[in-house]
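See below for the structure under consideration.
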Amino acid sequence: MRDYFPFFKRRQDITYLDSAATSQTLYTVADDMRDFMLSNKSNAHRSGNSMGTWVDQQYHLSKELIGKWLNINHPEKRIVYNSGTTQGLNDAIQLIMSAMSGGVVFIGIDSHHSLILPWTQSGNAKWRVVFIDLDKDGRLDLDDLQSKIKLEPMAVSKVIAVNAVSNVLGLVNDLDRIKKIALEVAAVSIIDASQIISKRKLEVSGFDFVAWSWHKVYGPMGLGCLLIDPVWLNFDPVRPGGGSVTRVSTDSVTWTDNATKFESGTQNLSAICALPKLVEWLIEHQNDIEEHDISLAKVINDQISLAQFTPTTRTDSGLLCLEPVIGSVEDYTMMLDAKNIMIRSGKLCAEPLINQISNGALLRLSWGCYTTKQEIELALDNLGDIHARLSRHVQRAV
Amino acid sequence: MLDFQDMFSELFELDDAMDKYEWIIDYGTGTVGLEKQYHTDQTLVKGCTSPLWLAKEESGRIAAWGESSIVNGIASMICDWYNQASQRQQQDFSLNTLTDIGLAPLLSMGRQNGVANLIAKIKTL
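Top line first, the protein sequences correspond to chains A and B.
For the first sequence, our numbering puts the final residue at 398, and the numbers step up evenly by one.
For the second sequence, our numbering puts the final residue at 1125, and the numbers step up evenly by one.
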């Protein structure tokens, strides 16, 4: 799988273990974006010229292929392009807020800030936030969700906003049960799929909104998708503009009847035109990608030295966070960097969770379909070496 | 009144980055850090990923203490050098000084900002 990614030929010195932040790029994506910029740059939608028509074709083909990949009927009514997960989640939440006057939102405590902050900004006081706790294994405690949601009167509008896999815990939450709970109480459901979409086959049907970024799926920066349930096409767009309408007069407007309603303005077409080959590649390699992810999770679960680090939990997918027994996460990150091993550390844009499960910062190792077992082992060996070095210099608090 | 590089010449003779880190950590460990009574919100250096405190103690000594062993070591080096430096040397000192002698590149950009804030704060004490 590694040969599909030019980065690893160009940067053989690097051990890249930060794929949860962004993945490396499939060769077709780099080639297609370059071709677009140098040979095919034109704008989509009603161009009237052959170059623009070609871009239109790529745009529609990309949605058809995403539909095939995720088993979505009528993708033109379900797939909204945007700049990434953050915009997708913000748009979804703004749409909900425009449709409902207020209510309660149940948010997973393991969520990324981008799923929390839109609800807690000033002016959003009509929405009360209730966090869903974790169970003993670290997954969202859906008994806790169910008991909390039952406390709310039927007449109160409800939203369930969770991630499929936390960017801190690497555990796959039970989306089937979340879907059932949402249906039982007629709650709107929002799924942040950022961490799962590049690793596992995702069943997206039955959710109101599912968001992800393509840069985490071996694709381009600055492009995301928001899947919407078609029922949301009945509402006005939160960011109206060119492309979202079929007719405008001085006193009326007719919105488009498909997902372009929520795609005002010129989209990131160089990125969109790179999607067809990427998605075909994802369809072809889906099973291998999933098997590889599971096998690396097993390697890291089996090999982490519990005497040196406290893992937040065991991992299911994509990443593992660790808390050092000795030393600061900064020390480990800087010293690994000196060995050209790229990891991430800190609060990981998930402070409510980080503050609950750690002393305020964690080390995160994360992988993609191109990561080798040897790279994971190299990082673990070096973490052990750094632990030993720091142990010799146990710092005294004055 | 030694230049920064002369004062820590032993460090600059090392080639391997890991050895440099270990030397810096060792320096911090061997230095008496800022007394705990001075660890307050007012003495906290902004912009650091992990907490770092800097203050002038009653004795007149400027000292620091950081949770990260590497940042603690570098902060200790800066304080120790600053305490013996001439007024002119103190005025001229900046993050560029550490960049020029190859110390700053050992820190990521985020940590360099923290050290820049440390240097700015030390000049106000």
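Heads up, the beta-carbon is just placed ideally off N, CA and C, and yes, glycines get one too.
No experiment lies behind these values; they were computed from the predicted model shown.
I want to see whether chain B comes within less than 8 Å of V398/A, judged by CB atoms only; does it?
With a pLDDT of 38 at V398/A, under the threshold of 50, the predicted position of this residue should be treated as unreliable, and no value is reported.
Find out if the Cβ-Cβ distance for the pair H112/A, D192/A is shorter than 8 Å.
yes
Along the stretch 1066 to 1082 of chain B, where does the CB come closer than 7 Å to a CB of chain A? Name the residues.
E1067, S1068, S1069, I1070, V1071, N1072
Please classify L1118/B as buried or exposed, where buried requires at least 16 neighbouring CB atoms within 10 angstroms.
buried
Between the stretch 202 to 212 of chain A and the stretch 52 to 61 of chain A, do at least 3 Cβ pairs fall closer than 8 Å?
no
When you check each C-beta in the stretch 1015 to 1026 of chain B against every C-beta of chain A, which residues fall closer than 9 Å?
D1016, A1017, M1018, K1020, Y1021, E1022, I1025, D1026
Just how far apart, CA to CA, sit V162/A and H215/A?
20 Å
Any Cβ of chain B within less than 8 Å of the Cβ of Q395/A?
With a pLDDT of 45 at Q395/A, under the threshold of 50, the predicted position of this residue should be treated as unreliable, and no value is reported.
Option in T256/A, L282/A, G219/A, K298/A with minimal Cα separation from L269/A:
G219/A
I'd like to know whether the C-beta of E330/A is nearer than 8 Å to at least one C-beta of chain B.
yes
For A259/A, is the classification buried or exposed, using 16 other Cβ atoms within 10 angstroms of its Cβ as the cut-off for buried?
buried
Assign Q374/A to buried or exposed, taking buried as 16 or more other Cβ atoms, counted over all protein chains shown, within 10 Å of its Cβ.
exposed
Under 8 Å between C-beta atoms, does P324/A make it to chain B?
no
How about S23/A and G368/A: do their beta carbons lie closer than 8 Å?
yes
Cβ contact check for the stretch 238 to 251 of chain A and the stretch 260 to 279 of chain A: 3 or more pairs under 8 Å
yes
Considering Cα atoms alone, identify which of K1056/B, S1086/B, Y1082/B is closest to L1125/B.
K1056/B
Contact under 8 Å by Cβ, D293/A with R200/A
yes
Skipping 5 residues on each side, what residues in its chain have a beta carbon closer than 6 Å to that of S189/A?
I160, A182, F207, D208
Bridge partners for C225/A per DSSP, in chain order?
Y81/A, W212/A
Would H1039/B and W1053/B qualify as a contact pair, given that the criterion is a beta-carbon distance under 8 Å?
yes
Interface residues of the stretch 1093 to 1109 of chain B facing chain A [CB-CB below 9 Å]
L1106, L1107, S1108
Rounding to the nearest angstrom, what Cα-Cα distance links R396/A and P75/A in this structure?
Its pLDDT being 44, under 50, R396/A is placed unreliably in this model, and the coordinates cannot settle the point.
Using the C-alpha atoms, what's the distance from P352/A back to A308/A?
In the sequence under discussion, the amino acid at residue 308/A is Gln, which differs from the Ala named in the question. Between Q308/A and P352/A, the C-alpha separation is close to 25 Å.
Same chain, Cβ closer than 6 Å to I357/A, five either side skipped, listed in chain order:
T312
Given this structure, state the Cα-to-Cα distance separating P276/A from P240/A, to the nearest angstrom.
27 Å
To the nearest whole angstrom, what separates the beta carbons of M1001/B and S1086/B, a pair I think is in contact under 8 Å?
5 Å
Skipping 5 residues on each side, what residues in its chain have a beta carbon closer than 7 Å to that of T1097/B?
F1004
Under 8 Å between C-beta atoms, does D13/A make it to chain B?
no
List, in chain order, every chain B residue whose beta-carbon is nearer than 7 Å to that of G384/A.
Under the 7 Å cutoff, chain B gives no residues; its nearest Cβ is about 13 Å from G384/A.
Helix, strand or coil for Y59/A per DSSP?
helix
With distances taken from CA atoms, which of E64/A, S213/A, T25/A is nearest R10/A?
T25/A
Check whether D18/A and S366/A have beta carbons under 8 Å apart:
yes
Note down, in chain order, each residue of its chain lying with its Cβ closer than 8 Å to the Cβ of I1101/B, except the 5 sequence neighbours on either side.
F1004, Q1005, F1012
Which of helix, strand or coil DSSP assigns to D192/A
strand
Is the number of C-beta pairs between the stretch 101 to 109 of chain A and the stretch 77 to 92 of chain A that are closer than 8 Å three or more?
no
Chain B contact for A388/A (CB, 8 Å cutoff):
no
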